[in-house]
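Here's the structure we're looking at; comments come further down.
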Amino acid sequence: MEIITAKGRRGWVRAVGGAVRDASRRVVEVRGAFRDISDHKRAEEARRQEAEALRASNDELKRFNLPWLA
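Take any residue in the sequence shown, count from 1 to its spot, add 2: that is its number in this note's numbering.
Quick look at the structure:
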């Protein structure tokens, strides 16, 4: 999920956790952890943008109708 830190920076975390129950199956606490995946998300977005730029470039080349691109 996307978060905003106390310093106002945006980031991404993966949250995992679950409920701790007592003998009668009532939830008595919740335990979990967050893992910073911001670098992964930035790399993912960079790959997406590069792929889109490559698609646009290829589409532009196709406009010239060059035989070796067919």
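Glycine included, C-beta positions come from ideal geometry on N, C-alpha and C.
When the Cα atoms are used, what is the spatial distance from residue i to residue j?
i	j	result
D38	N67	47 Å
R16	I6	14 Å
E4	R49	19 Å
H42	Q51	14 Å
F36	R11	16 Å
Identify whether residue i lies in helix, strand or coil by the three-state DSSP scheme.
i	result
A53	helix
R33	strand
D24	coil
Give me, in chain order, the residues of the same chain whose beta-carbon lies closer than 8 Å to that of residue i; leave out the 5 immediate sequence neighbours on both sides.
i	result
G20	V32, R33, G34
Kindly identify the DSSP beta-bridge partner or partners of residue i.
i	result
I6	R12
A58	Paired residues: none, contrary to the question.
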